[in-house]
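Structure first, then comments.
Protein chains in written order, with the numbering used here: chain A, 4 to 257; chain B, 7 to 299.
Encoded structure:
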């Protein structure tokens with residue numbers, strides 16, 4: 004298992020480093036941008052008073068740093084870039100081995116398919132979680148630099164929700180990686196499923212389909228307590244998709 | 007004792023039957039060549055032996071174990087070089103050897119260092135920079151580095167130039183002799199099979215059509231020119247299987263058969279025929295007779 008995990012780390016290290024650095028830079032930048040947005044948008048005074056009120060209503064409430072971090076980091080940049088990173092990392096897990104014709108080498112060694120899949124998921128999902136933690140730490144650090152300290156409880160709970168949501172996306176990408184023998188196709192299918200469900204979930208009757216709900220709701224700003232439903236749904240969905248991936252991989256012939 | 011035993015093994019992919027009632031016995035300690043045209047079922051047979059697939063029907067044992075049940079334990083005793091051999095291009099030769107050794111639960115030790123003097127590969131270089139021949143040699147190096155009891159090679163010299171092929175076969179023959187390995191070798195390059203294999207099997211449409219030693223096949227397969235008496239023809243011949251017959255005139259035939267000469271002569275005589283001439287055939291011609299039949 005250690006050897007398999009070492010191989011995954013070695014083979015994916017560039018993707019992991021680039022993803023982590025990119026997400027962290029965005030995290031720091033988002034927080035530092037707060038300095039410029041706090042107290043309104045420059046030039047707002049030149050806008051006609053009736054429009055100023057309308058614009059203020061449309062803009063998120065940036066009077067508190069928790070609300071700013073929630074709207075600009077957790078439910079926006081981390082959600083979008085994190086989802087892309089989850090799909091990019093995991094959709095190549097098994098599909099990549101097939102595409103490079105290394106699957107026959109790997110599966111003809113004295114290792115079980117379950118071990119191969121587990122090592123891939125542990126390393127790649129671990130890298131994803133690490134990227135979320137490091138970049139969120141960067142976002143918090145950026146906020147501290149501009150003189151605003153977010154509430155630790157809020158940061159922890161919002162991070163927990165983000166990790167679970169992104170692991171669910173990663174599990175979906177793993178499943179597609181087992182089902183589709185081509186990295187690019189697995190990536191596109193995973194992305195398409197997330198996008199289609201997110202769009203469909205914007206309509207009230209289909210709200211339960213929206214995978215972005217897994218990231219928690221704005222209630223976290225006021226009340227930083229874990230929201231049971233998205234957490235349970237995320238964990239159960241991830242477990243189911245990984246179990247199906249394992250079963251499908253067991254049945255596949257290489 | 008047989009290292010590999012296949013009895014009535016079948017394997018289907020949906021409607022396509024890749025193997026049909028295949029039978030094969032690979033004696034332990036031998037170099038065994040499985041020969042057949044593309045699509046005959048050679049790679050499917052190998053994947054079944056490694057436990058990468060399950061047979062649809064029949065019985066298969068490898069080193070006394072059933073691959074579909076004990077695959078993981080069994081594969082620890084097997085070295086395998088796949089036909090479409092690809093390795094992680096960003097790893098160096100040494101890294102892939104170390105990775106493979108760890109998967110087998112052994113270390114890169116004396117054996118690997120000794121093999122390096124045989125293979126002379128630039129192990130510090132990334133695999134992406136290796137030529138096709140070097141990759142195939144690295145595949146054999148990896149397979150031998152874990153001290154297997156059985157070495158399975160799926161068309162290992164396919165696409166190699168004659169010099170690299172000769173080096174590859176030389177190393178294989180030397181290492182096999184040194185270790186008392188069983189080697190299962192699939193190929194459609196007849197000259198190399200004839201050169202290094204003790205026993206061969208010919209495959210056609212997912213079946214074994216012949217299994218015997220190379221020497222025995224070359225010794226026993228003959229073209230007999232036979233003249234039959236009035237009212238007799240090759241159809242009257244019993245006790246030997248005629249592989250091919252060609253009428254030369256009204257009463258003379260060229261008849262090809264795999265049999266002991268004495269037995270063949272007796273069979274022809276019993277059928278009212280007289281053997282006029284006996285010819286041998288090159289090994290590749292014999293192979294074509296069986297797979298084209």
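All residues carry an ideal CB built from backbone N, CA and C; glycine is no exception.
Point to revise | Whether residue 267 of chain B touches residue 243 of chain B by CB criterion (8 Å) | key: With contacts defined as CB atoms closer than 8 Å, residue 267 of chain B and residue 243 of chain B fail to qualify as a contacting pair.
Exercise for review: From the DSSP output, in three-state form, read off residue 15 of chain B for me.
Suggested key: In the structure shown, residue 15 of chain B sits in a strand (DSSP, three-state: E or B).
Practice item. Indicate whether at least one CB of chain B lies closer than 8 Å to the CB of residue 256 of chain A. Key: For residue 256 of chain A, the answer is yes, since a Cβ of chain B falls inside 8 Å of its Cβ.
Review point. What residue does the beta strand (DSSP E) around residue 227 of chain B start on, and which one ends it?
Key: Run containing residue 227 of chain B: 227-234, per the beta strand (DSSP E) assignment.
Review point. In chain A, what lies closer than 8 Å to residue 96 of chain B by C-beta?
Key: Those are 13, 14, listed as they occur along chain A.
Exercise for review: Check whether the Cβ of residue 107 of chain A lies closer than 8 Å to any Cβ atom in chain B.
Suggested key: With 8 Å as the cut-off, residue 107 of chain A counts as an interface residue toward chain B.
Practice item. For the segment 97-123 of chain B, enumerate the residues whose C-beta is nearer than 8 Å to any C-beta of chain A, in chain order. Key: Those would be 97, 101, 105, 106, 108, 109, 110, 111, in chain order.
Check your understanding: To which residues does DSSP link residue 259 of chain B through a beta bridge?
Key -> B:232, B:253.
Exercise for review: Taking only beta-carbon positions, decide if residue 103 of chain A is within less than 8 Å of chain B.
Suggested key: With 8 Å as the cut-off, residue 103 of chain A counts as an interface residue toward chain B.
Review point. Are the C-beta of residue 197 of chain B and some C-beta of chain A separated by less than 8 Å?
Key: Under the Cβ criterion of 8 Å, residue 197 of chain B is not counted among the residues facing chain A.
Check your understanding: From which residue to which residue does the beta strand (DSSP E) around residue 73 of chain B run?
Key -> Going by DSSP, residue 73 of chain B is part of no beta strand (DSSP E) but of the alpha helix (DSSP H) stretching over 73-81.
Point to revise | Limits of the beta strand (DSSP E) - the one that residue 189 of chain B falls within | key: Where residue 189 of chain B is concerned, the enclosing beta strand (DSSP E) stretches over 188-193.
**Study point:** Same chain, Cβ closer than 6 Å to residue 301 of chain B, five either side skipped, listed in chain order
**Key:** With chain B represented from 7 up to 299, any question about residue 301 of chain B goes unanswered, as that position is not in the structure.
Exercise for review: Note down the Cα distance separating residue 100 of chain A from residue 154 of chain A, rounded to an integer number of angstroms.
Suggested key: If you draw a straight line from the Cα of residue 100 of chain A to the Cα of residue 154 of chain A, it is about 44 Å long.
**Study point:** the segment 118-128 of chain B contacting the segment 217-225 of chain A, beta-carbon criterion three pairs below 8 Å
**Key:** The segment 118-128 of chain B is not in contact with the segment 217-225 of chain A.
**Study point:** Helix, strand or coil at residue 31 of chain B according to DSSP, with G and I counted as helix
**Key:** Three-state result, residue 31 of chain B: strand.
Exercise for review: Using a threshold of 8 Å, state whether the C-beta atoms of residue 186 of chain A and residue 94 of chain A are closer than that.
Suggested key: Yes, Cβ-Cβ distance for residue 186 of chain A and residue 94 of chain A is below 8 Å.
**Study point:** Contact set between residue 86 of chain B and chain A, taken where Cβ atoms lie within less than 7 Å
**Key:** Residues of chain A passing the Cβ test: 111.
Check your understanding: Can you tell which of A:257, A:14, A:91, A:104 has the C-alpha that lies nearest to the C-alpha of residue 5 of chain B?
Key -> For residue 5 of chain B there is no data in the structure shown, the boundaries of chain B being 7 and 299.
Review point. What residues in its chain sit with their C-beta under 8 Å from that of residue 79 of chain B, if we drop five residues either side in the sequence?
Key: Excluding positions up to five away in sequence, the list reads 71.
Review point. Along the chain, which unbroken stretches of the alpha helix (DSSP H) at least 4 residues long are found entirely within the segment 101-183 of chain B?
Key: If we require 4 residues or more, the alpha helix (DSSP H) runs fully inside the segment 101-183 of chain B come out as 116-125, 138-151.
Practice item. Assign residue 75 of chain A to one of two classes, buried (16 or more other C-beta atoms within 10 Å of its C-beta) or exposed (fewer than that). Key: Buried is the call here.
**Study point:** chain B contact for residue 6 of chain A (CB, 8 Å cutoff)
**Key:** Yes, because at least one Cβ of chain B sits closer than 8 Å to the Cβ of residue 6 of chain A.
Exercise for review: Look at the Cβ atom of residue 229 of chain A, then the Cβ atom of residue 216 of chain A, and state whether they are nearer than 8 Å.
Suggested key: Contact flag unset, no.
Point to revise | Nearest neighbour of residue 178 of chain A, chosen from A:207, A:249, A:26, A:131 [CA to CA] | key: For residue 178 of chain A, the nearest C-alpha among the options comes from A:249.
Review point. Based on the DSSP secondary-structure assignment, which residues constitute the bridge partners of residue 280 of chain B?
Key: Residue 280 of chain B pairs with B:233.
Practice item. Output the boundary residues of the alpha helix (DSSP H) element that contains residue 192 of chain A. Key: Counting along the chain, the alpha helix (DSSP H) containing residue 192 of chain A begins and ends at 186-203.
Check your understanding: From residue 9 of chain B to residue 52 of chain B, what does the alpha carbon distance come to, in whole angstroms?
Key -> About 13 Å.
**Study point:** Closest by C-alpha distance to residue 235 of chain A, when choosing among A:255, A:146, A:214
**Key:** Out of A:255, A:146, A:214, A:214 has the C-alpha closest to the C-alpha of residue 235 of chain A.
Exercise for review: Find out if the Cβ-Cβ distance for the pair residue 95 of chain B, residue 132 of chain B is shorter than 8 Å.
Suggested key: A contact, by the Cβ cut-off of 8 Å.
Exercise for review: Name, please, each residue of chain B whose Cβ falls closer than 7 Å to the Cβ of residue 10 of chain A.
Suggested key: The contacting residues are 105.
**Study point:** Closer than 8 Å at the beta carbon, the chain A residues around residue 90 of chain B
**Key:** 104, 107, listed in chain order.
Exercise for review: Run down chain A in chain order and give the residues with a C-beta less than 8 Å from the C-beta of residue 82 of chain B.
Suggested key: Correct list: 113.
Practice item. Just grab the DSSP bridge partners of residue 223 of chain B for me. Key: Paired residues: none, contrary to the question.
**Study point:** Neighbour flag for residue 157 of chain B against chain A, beta carbons, 8 Å
**Key:** At a cut-off of 8 Å between C-beta atoms, residue 157 of chain B does not count as an interface residue with respect to chain A.
Check your understanding: Tell me which same chain residues have a C-beta within less than 7 Å of the C-beta of residue 347 of chain B, skipping the five on either side of it?
Key -> Residue 347 of chain B cannot be examined here, being either before or after the span of chain B that is shown, 7 to 299.
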